[in-house]
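Residue numbers (my numbering): 50 to 311. Note that beta-carbon positions come from the ideal geometry of N, C-alpha and C, so glycine has one too. The structure appears right after this line, and notes come after that.
Written out as structure tokens, the structure is:
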């Protein structure tokens, strides 16, 4: 890790490096995560908030940074989930959903979240697996519960709803993800790609590269809710709306002179 930090600082003297072992009470030299913010990063001051949300199942596989984009609070999560399928559920259940650390004045509901990492689990048995493997998907339900609690969306899958592409070392599963909250997905996501034509170091996974536009992040003052346009592009939402309309049409009694719109 010292060598990696040295490499980052040689390439960018203003880079900020964060490592999970600095906050975890358990460190064996394996399974840690890290994040490097370049000097060109648009993020404001960043602090390591992992200790405030640490739970034992996370060990040194989780890193949480608290920072800002403009006047918006942003949490950046870095995750390396257990490879052993029987340990994943407990790990995902231990991921935090409360981040205010006792600060009652902080508008936690308005915070944005960026979640990155190797989750060692497939989200869809058909699209994310080369061949059926129930172990590869074990822990998906627990992870989905956490994603739903924070309002997170799988950015790559949202852009590529039907594509089958794999990121694991064996190229049999898609297990590396970038999850974003809806505001970042709608206003700031420019692209998200699996990079196969270049490497950075000695990675054996396919890197997931995503680009956020430097647009102003609108301050949410909780106005009257309106359905965001991006939500209507989701196939599951489209199917649900279509089935709901069919069900409503079946229940409406049509007779001469009736106006179902009233």
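Residues of its chain near residue i, where Cβ-Cβ distance is below 6 angstroms and the 5 sequence neighbours each way are ignored
i: residue 217; result: 224
i: residue 131; result: 137, 140
i: residue 89; result: none
i: residue 104; result: 143
i: residue 106; result: 139, 140, 143
Close-in-space but distant-in-sequence residues of the same chain around residue i (CB under 8 angstroms, 5 per side omitted)
i: residue 118; result: 91, 92, 93, 161, 266
i: residue 95; result: 65, 67, 86, 114, 115, 116, 125
i: residue 83; result: 50, 53, 66, 67, 68, 69, 112, 127
Close beta carbons around residue i, own chain, < 7 angstroms, minus the five adjacent residues each side
i: residue 300; result: none
i: residue 234; result: 202, 204, 207, 279
i: residue 286; result: 280
i: residue 183; result: none
i: residue 284; result: 210
i: residue 277; result: 231, 235
i: residue 254; result: 167, 216, 217, 218, 225
i: residue 63; result: 88
i: residue 196; result: 228
i: residue 192; result: 141, 168, 170
i: residue 245; result: 255
i: residue 102; result: 113, 145, 148
i: residue 200; result: 230, 231
i: residue 186; result: 170, 171, 174
Secondary structure of residue i, DSSP reduced to three states
i: residue 207; result: helix
i: residue 315; result: In the structure displayed, the chain extends from 50 to 311; residue 315 sits before or after that span and is not available.
i: residue 176; result: coil
i: residue 232; result: helix
i: residue 55; result: The predicted model places residue 55 with a pLDDT of 45, which falls under 50 and marks its position as unreliable; any figure quoted below should be read in that light. In this structure, residue 55 counts as helix in the three-state DSSP scheme.
i: residue 154; result: Summary for residue 154: the model assigns pLDDT 48, below 50, so the residue's position carries little reliability; its value from the coordinates is reported in the next sentence. Looking at residue 154 - three-state DSSP - the assignment turns out to be coil, as it is neither helix nor strand.
i: residue 279; result: helix
N-terminal and C-terminal residue of the alpha helix (DSSP H) that residue i is part of
i: residue 139; result: 134-143
i: residue 379; result: What the structure shows of the chain is the stretch from 50 to 311, and residue 379 is not part of that stretch, so it cannot be assessed.
i: residue 102; result: 99-102
Host beta strand (DSSP E) of residue i (start-end)
i: residue 166; result: 161-167
i: residue 295; result: Not the beta strand (DSSP E): residue 295 falls in the alpha helix (DSSP H), residues 284-300.
Residues that DSSP places opposite residue i in a beta bridge
i: residue 68; result: 83
i: residue 240; result: 260
i: residue 122; result: 117
i: residue 227; result: 165
i: residue 222; result: 178
i: residue 202; result: 229
i: residue 127; result: 112, 165
i: residue 96; result: 115
CB contact flag (residue i, residue j, <8 angstroms)
i: residue 188; j: residue 202; result: no
i: residue 221; j: residue 178; result: yes
i: residue 260; j: residue 291; result: no
i: residue 168; j: residue 226; result: yes
i: residue 146; j: residue 198; result: yes
i: residue 165; j: residue 123; result: no
i: residue 258; j: residue 242; result: yes
i: residue 174; j: residue 181; result: yes
i: residue 176; j: residue 213; result: yes
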